[in-house]
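Asks: Top to bottom, those sequences are chains L and G.
Numbered by the working numbering, the letters in the first sequence go through residues 6 to 961 in order.
Numbered by the working numbering, the letters in the second sequence go through residues 26 to 212 in order.
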Amino acid sequence: MISVRWLYQLYKLTWFAGAILALPFVLLVAWYGWSVYADVDRYRRALKSREPLSAELFQIFLHDELVRDLHRFTLPSRPSTSVLPTLELSLTRAKLDELRSQLSKPGAGVYVDATLKKDDEVYKVGVRYRGGQPWHRLGAQKSMKVHLESGALLDGVRVFNLLNDVTPFGLEDQIILDLAREAGLLAPEYEPVWVRINNSDMGVYRYEAQPEEGLLRRGRRYPASIFSGDTDVVRKDRVAGALFWEQSGWTKVAWKDEAHRNDAGEIERFLQAVGASTHREFARYVNENVNLERYAAFDALDVVFGGAEHDYLTNHKLYFDPYVGKLEPVAWSFRGFQHEPMLNLVDNPLLIRLKLTPGYLAIRNRLVYELLTGKASVPEVRARAARAFRRVAPDLSADPYWDAYKLLPRVSRFYRFMSRPMSKAKWALAAEAEIETFANRSRYLLNLLEARTVSAASAWVGGNVAALVLTVDGQVGYAFNELTLHAPCRSPFVVHADSDRDGRYDPTRDTLVASGKVGVGTAPFHYVDLAPGLTLVARSDNQPKRGDVRTEATPEHYRYFVAVRDCRPTSADLDLGNTVTRGSTRVHVDLVAPRAAVEERTAPAAVADLAPALAAGEKAPHPWEYPPRPANTVVRLGPGVVRLETGRVFATHEAVLLEAGTRLLLGPGASLVFLGPVTADGSVLEPVVIGRLDPAQPFGGVALQGQQTAGSRLVYVRVEGGSRASYADVDYDAVLGIHDTHDVTLRDFVIAGDGATDDVVHAAYVTALTLHELEVSGGPQDGIDLEFVSGDLRGLRVANSGDDCLDLMGVQLRLADSVLLGCSNNGISAGEESAVAANGVVVAGAKVGVLAKNHSEVRLNRSLVYQASEALRTNRREMHYAGGSSIGASDLAAVGCGVVANAAKNTTIDVGYVQTDLVESGSLNHILEQVLRLSAWAEFEAQVPPRVSLDGGEAP
Amino acid sequence: MSIPYRARPGAGFVLVTLCLGAAAALSAWGLKKPTLERVWEMQIQLGLGARKALSAAEFDLLQQTMLRYPELVDNLLEGRERGIISANEDGVVEKDYAYLVVRGPRPNAAVEIGRTGTGRGGNIGVRLKTATGTSRGATSVGEKLVWRLPPEGPFPQLVEVRLDKPAKKKKRRQRDQVVIVRLVELP
Chain L
6 MISVRWLYQL YKLTWFAGAI LALPFVLLVA WYGWSVYADV DRYRRALKSR
56 EPLSAELFQI FLHDELVRDL HRFTLPSRPS TSVLPTLELS LTRAKLDELR
106 SQLSKPGAGV YVDATLKKDD EVYKVGVRYR GGQPWHRLGA QKSMKVHLES
156 GALLDGVRVF NLLNDVTPFG LEDQIILDLA REAGLLAPEY EPVWVRINNS
206 DMGVYRYEAQ PEEGLLRRGR RYPASIFSGD TDVVRKDRVA GALFWEQSGW
256 TKVAWKDEAH RNDAGEIERF LQAVGASTHR EFARYVNENV NLERYAAFDA
306 LDVVFGGAEH DYLTNHKLYF DPYVGKLEPV AWSFRGFQHE PMLNLVDNPL
356 LIRLKLTPGY LAIRNRLVYE LLTGKASVPE VRARAARAFR RVAPDLSADP
406 YWDAYKLLPR VSRFYRFMSR PMSKAKWALA AEAEIETFAN RSRYLLNLLE
456 ARTVSAASAW VGGNVAALVL TVDGQVGYAF NELTLHAPCR SPFVVHADSD
506 RDGRYDPTRD TLVASGKVGV GTAPFHYVDL APGLTLVARS DNQPKRGDVR
556 TEATPEHYRY FVAVRDCRPT SADLDLGNTV TRGSTRVHVD LVAPRAAVEE
606 RTAPAAVADL APALAAGEKA PHPWEYPPRP ANTVVRLGPG VVRLETGRVF
656 ATHEAVLLEA GTRLLLGPGA SLVFLGPVTA DGSVLEPVVI GRLDPAQPFG
706 GVALQGQQTA GSRLVYVRVE GGSRASYADV DYDAVLGIHD THDVTLRDFV
756 IAGDGATDDV VHAAYVTALT LHELEVSGGP QDGIDLEFVS GDLRGLRVAN
806 SGDDCLDLMG VQLRLADSVL LGCSNNGISA GEESAVAANG VVVAGAKVGV
856 LAKNHSEVRL NRSLVYQASE ALRTNRREMH YAGGSSIGAS DLAAVGCGVV
906 ANAAKNTTID VGYVQTDLVE SGSLNHILEQ VLRLSAWAEF EAQVPPRVSL
956 DGGEAP
Chain G
26 MSIPYRARPG AGFVLVTLCL GAAAALSAWG LKKPTLERVW EMQIQLGLGA
76 RKALSAAEFD LLQQTMLRYP ELVDNLLEGR ERGIISANED GVVEKDYAYL
126 VVRGPRPNAA VEIGRTGTGR GGNIGVRLKT ATGTSRGATS VGEKLVWRLP
176 PEGPFPQLVE VRLDKPAKKK KRRQRDQVVI VRLVELP
């Protein structure tokens with residue numbers, strides 16, 4: 006109890022005693038004063054600012070320091086039920102000092118050694134700080150780049166960033182990258198994680214995987230070239246970064262194999278096309294070499310969310326798929342949730358070229374509309390944000406360093422970029438503001454895309470001929486679906502498009518696009534795509550990142566001449582399909598009273614054979630400068646001998662029919678490439694044969710390439726004497742290549758490979774592939790190589806492959822009643838998350854009967870493995886895929902095999918009873934009689950080549 | 026009159042009290058929400074329509090901050106010369122207030138308040154406030170109230186338009202009416 010005497014003594018304290026008692030408070034005030042001053046000074050130097058130390062500035066820093074210190078006293082523990090992954094870094098004191106010493110040096114730092122622990126697994130890593138902005142370096146949470154050593158992978162990733170994300174909302178990239186992934190784009194992982202360094206909790210970071218081979222595997226793409234575009238070089242002749250004009254800004258960060266490591270052909274051709282090709286050449290290049298649908302999906306995300314990061318200097322990543330032969334973007338660094346009254350906040354050169362090419366904007370704007378009314382609608386984005394925040398909120402509450410910038414109004418860059426302590430209340434306010442901005446943008450875009458942008462006018466030509474001019478403006482294009490003409494007579498009429506655009510009606514020069522009868526709806530068959538025009542205008546805010554031009558929609562006119570045989574037309578009803586909303590727009594035009602001709606006030610369009618300089622004033626060519634899409638045709642070949650000395654490429658609109666008894670003879674190295682559907686209607690007695698024109702020299706190969714080949718059927722076909730196909734930039738590894746398509750059937754098909762190829766049959770990115778009664782022989786590598794394929798295989802006969810009889814990567818297959826004979830390495834090699842259900846399969850004379858690796862599973866039923874060194878094997882060597890592999894077998898016969906099951910650690914082979922003799926009963930009887938089509942096992946034994954040795958092949 | 030010895034505090038006590046007071050004052054000052062943070066919150070909440078009308082002190086604070094930081098005005102107006110900075114859709118306001126900013130003096134600048142919709146509703150009182158003063162008026166359906174803005178500023182000029190809250194029994198009639206606020210140029 007405090008006595009009065011004590012209080013009195015306190016009241017009468019001498020100055021010396023008082024000085025002692027007051028010292029802590031003085032030191033506290035001095036400490037805070039000095040700390041605040043040092044923080045301000047550090048921030049000023051980091052921002053290279055001369056902002057004076059005003060009372061207001063001092064108070065803000067003091068406030069933040071006090072709040073942080075008080076927060077530490079009330080900080081809750083991280084919940085034990087946290088769902089965020091935890092990454093624990095450990096560094097020695099010396100390494101930590103070395104790391105910190107790099108903060109003051111310019112440029113990227115050097116990696117220092119550390120260990121990383123996740124889920125009880127420990128990895129050796131290199132760590133360095135990254136990021137030049139103050140928030141990456143000044144606070145306790147510093148952004149890092151981590152590189153796993155010794156070939157190790159963490160969840161399939163070798164290099165990743167741990168970012169101190171200081172955006173108040175903090176979910177922008179996470180939401181957009183999730184949408185990108187759902188749209189089928191390649192998108193690296195981006196998620197919150199909890200980080201500890203030397204047993205100290207450092208709070209929530211953003212884990213950002215680097216785009217590299219692992220991304221391709223997780224994205225179910227074939228591992229091949231990724232190019233990264235980042236430069237600081239600015240063009241000397243204009244205010245624009247030089248990334249799309251100089252190859253030096255592009256780095257190859259992934260490649261197919263060592264032979265392709267230094268091959269920059271794809272990016273050279275890309276830059277040549279963007280920088281120097283004519284409109285027409287670029288349209289052809291894009292059609293053959295760019296995955297337009299995927300690029301449009303990527304661009305649509307930038308439009309919807311107001312992204313401005315993919316600019317003239319940085320943040321471009323392109324993947325070249327060797328089996329599709331096309332470039333596609335890697336979704337990376339969007340930021341977004343911004344709004345300015347334009348669709349693309351940045352029109353980089355590639356984007357401008359694409360927009361100047363007919364058809365691109367119709368695809369892109371349709372995808373924008375689908376996002377805005379679907380997965381990226383305002384309520385959906387709000388729900389995603391709420392879900393994502395609920396997941397991370399408990400950890401953020403326990404984060405001692407949770408901070409953000411942009412928590413002060415935009416009074417200056419200095420105040421705006423100040424990193425300040427965060428709270429849930431501030432987050433809620435910032436989130437509402439971000440989503441409101443997004444809602445404003447969504448409203449703006451929907452207003453543009455739902456606007457009616459087409460109008461029609463008429464002019465009198467003379468006699469019974471009227472001119473109909475459709476004008477399209479804005480962001481929406483149309484398809485001319487139907488015309489209903491009204492006239493006093495029920496007479497036939499014709500419609501010509503003014504395809505030469507001279508404004509004069511000349512039926513000998515203008516293109517006939519429709520013919521019908523008055524009063525009856527008639528669908529035009531040509532010149533039906535009506536798109537708005539596009540012009541380049543100077544940017545008012547030009548800077549190297551954003552360039553000096555942007556695109557703007559302008560009206561485009563489409564003139565048709567309507568001629569009725571027996572009387573004057575009075576009016577017309579047009580049914581136009583909206584290419585964005587897929588709705589229908591009806592336009593009525595009176596043709597009775599002659600009106601003044603519609604004057605084209607816009608400047609003449611650029612000619613399609615000129616190369617644009619991407620300067621203000623340039624216009625997109627009128628779509629009618631390009632030839633119209635050709636009508637679908639049927640090309641019949643045979644019967645009899647058809648000689649194709651230089652091979653042939655059948656376009657997408659050509660449906661090819663190979664008659665029974667056709668012999669297609671191809672010259673040396675010549676290839677047969679189908680870009681449209683092909684039907685080979687052979688029969689037992691009259692098969693379709695594809696062979697050599699010169700018996701001494703192999704022809705190239707046969708390829709079914711692209712989505713337009715869907716529905717192809719090749720029945721009773723023999724392919725003899727091929728090597729490998731050749732077309733555009735596509736890689737073909739086999740005599741027969743089937744790429745990027747669906748619903749393709751090969752039945753009663755015989756094909757052999759010789760030394761001039763790798764594989765005999767190769768399919769990549771094919772769904773619903775049916776291979777029935779396929780006979781494959783030879784081939785220095787694999788008999789049948791399938792990558793990212795789903796389908797049904799039955800009655801295969803594969804023999805004498807130099808490597809695997811059946812090599813599978815990322816497949817979902819049913820395999821039945823098949824014989825794999827004399828496979829030098831594996832009978833079946835199932836890898837990269839394959840799932841195979843096999844029944845009635847015979848593998849004979851292989852080193853390994855069935856191999857499962859890289860998180861694959863094989864279910865083998867009523868099958869025989871004969872004279873293999875190992876009947877069944879599972880590997881776990883490649884670390885791109887988490888999870889072990891498994892083989893499950895029942896009613897398995899392993900006869901004459903060295904080892905029945907060899908399972909690597911953390912994989913499983915589950916077999917029940919294994920038959921070790923050839924008996925003519927039970928499931929083996931089915932194999933003998935139905936699969937092998939023999940009457941006795943002695944006949945089978947005579948066919949099998951001698952067992953190979955254990956040398957070479959895949960080690961466990 | 027001198028303090029008796031017994032009542033006189035020791036020098037040490039005075040020192041401790043002063044130091045403690047200074048520390049407390051510094052802490053209190055430091056812990057006070059920074060002015061710019063308050064402005065940040067106000068800006069967002071007004072834009073969302075997620076708060077009540079500004080108090081007199083808040084109004085003055087926002088006006089003073091706009092005077093001190095021209096870049097703030099650029100951000101509020103998004104490049105325009107004048108505009109509504111609180112929640113609205115093309116001038117249609119749902120709350121009982123609207124805040125406008127005028128960048129520079131314009132002799133014929135005025136605020137126009139109109140009401141549309143069905144129902145009788147009667148008059149609604151309107152108050153217009155700037156840094157230099159306040160005016161009152163009323164608006165009814167179909168009639169526009171036009172106020173010339175005081176030309177003396179200060180500029181950038183913050184303008185508050187407040188609508189009187191209707192009596193409870195009138196609320197139902199006024200629910201389907203819409204208030205539109207615009208900045209106009211008088212002839």
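Beta carbons: idealized from backbone N, C-alpha and C, even for Gly.
1. Residues of the region 429-443 of chain L in Cβ contact with chain G at a cutoff of 8 Å, in chain order, please.
2. What in chain G is Cβ-close to E177(L), meaning under 8 Å?
3. For K110(L), count neighbouring C-beta atoms within 10 Å of its own C-beta (all shown protein chains included) and say buried if the count is 16 or more, exposed if not.
4. If I follow the unbroken beta strand (DSSP E) through Y871(L), where does it start and stop?
5. Under DSSP, the beta strand (DSSP E) around I109(G) begins and ends at which residues?
6. In chain order, which continuous runs of the beta strand (DSSP E) of length 3 or greater are located wholly inside the region 518-568 of chain L?
7. Short of 6 Å in beta carbon distance, which residues of its chain neighbour E605(L), apart from the five on each side in sequence? Order them along the chain.
8. What does Q920(L) pair with, by DSSP beta-bridge criteria?
9. Take T651(L) and list the residues in its own chain whose beta-carbon comes closer than 7 Å to its own, dropping the five residues that flank it on each side.
10. Pick helix, strand or coil for D268(L), following the three-state DSSP scheme.
11. Classify N294(L): buried if its beta carbon has 16 or more other beta carbons within 10 angstroms, exposed otherwise.
12. For A608(L) and R509(L), what's the separation of their Cα atoms in angstroms?
13. Quick check on DSSP: helix, strand or coil for W172(G)?
14. Is the distance from the Cβ of A135(G) to the Cβ of R173(G) below 9 Å?
15. Give every residue of the same chain whose Cβ lies closer than 6 Å to the Cβ of P617(L), excluding the five residues on either side of it in the sequence, and list them in chain order.
16. Return the CA-CA distance between P405(L) and G208(L), expressed in angstroms with no decimal places.
17. Is there a Cβ from chain L that is less than 9 Å from the Cβ of Y122(G)?
18. If you measure between the beta carbons of L488(L) and L579(L), is that distance less than 9 Å?
19. Assign N166(L) to one of three DSSP states: helix, strand, or coil.
20. In whole angstroms, give me the CA-to-CA distance for M48(L) and W199(L).
21. Under 8 Å: do the region 443-455 of chain L and the region 318-331 of chain L share three or more Cβ pairs, one atom per stretch?
22. Using alpha carbons as the reference points, say which of V373(L), G175(L) and L535(L) lies closest to A436(L).
23. Please list, in chain order, all residues of the same chain as A301(L) whose beta carbon is under 7 Å from its beta carbon, the five residues on each side excluded.
24. Using a C-beta cutoff of 9 Å, does E61(L) count as contacting chain G?
25. I need the DSSP call for L825(L), collapsed to helix, strand or coil.
26. Assuming V803(L) and G815(L) form a contact by the criterion Cβ under 8 Å, report the distance between their Cβ atoms to the nearest whole angstrom.
27. Starting from the N-terminal side, write out each stretch of the beta strand (DSSP E) that is 3 residues or longer and does not extend beyond the region 391-467 of chain L.
28. In whole angstroms, what separates the C-alpha of Y128(L) from that of E93(L)?
29. Please classify R299(L): does DSSP put it in a helix, a strand, or coil?
30. For a contact meaning CB atoms closer than 8 Å, what does L412(L) contact in chain G?
31. May I have the straight-line CA-CA distance separating G964(L) from L43(G), to the nearest angstrom?
32. DSSP state of M347(L), grouped into three classes?
33. Can you tell me whether V151(G) is helix, strand or coil according to DSSP?
34. When DSSP labels each residue in this structure, what does K964(L) get in the three-state scheme?
35. Run through DSSP, which three-state label would F655(L) get?
36. Would you kindly report the start and end of the unbroken beta strand (DSSP E) that includes D812(L)?
Replies: Answer, in terms of the structure:
1. L434, A435, E437, A438 and E441
2. Per Cβ cutoff of 8 Å: no residues; E177(L) is ~17 Å from chain G at best.
3. exposed
4. E862 to Y871
5. R107 to I109
6. 538-548 and 552-559
7. Caution is warranted here: a pLDDT of 49 is assigned to E605(L), below 50, making its placement in the model unreliable, and the coordinate value is therefore given only provisionally. H562.
8. A898(L)
9. G672 and A675
10. coil
11. buried
12. Its pLDDT being 39, under 50, A608(L) is placed unreliably in this model, and the value from its coordinates should be taken loosely. Computed Cα separation, rounded: 19 Å.
13. strand
14. yes
15. E623
16. 6 Å
17. no
18. yes
19. strand
20. A quick correction: the sequence has Tyr, not Met, at residue 48(L). Taking the straight line joining both Cα atoms gives about 26 Å.
21. no
22. G175(L)
23. Y365, I368, R369 and L372
24. yes
25. strand
26. About 20 Å separates the two Cβ atoms, so there is no contact after all.
27. 459-467
28. 10 Å
29. helix
30. E62 and W65
31. Chain L is shown only over 6 to 961; residue 964(L) falls outside these bounds and no answer can be derived.
32. coil
33. strand
34. Because chain L in this structure spans residues 6 to 961, residue 964(L) falls outside the shown range and cannot be described.
35. strand
36. L811 to M814
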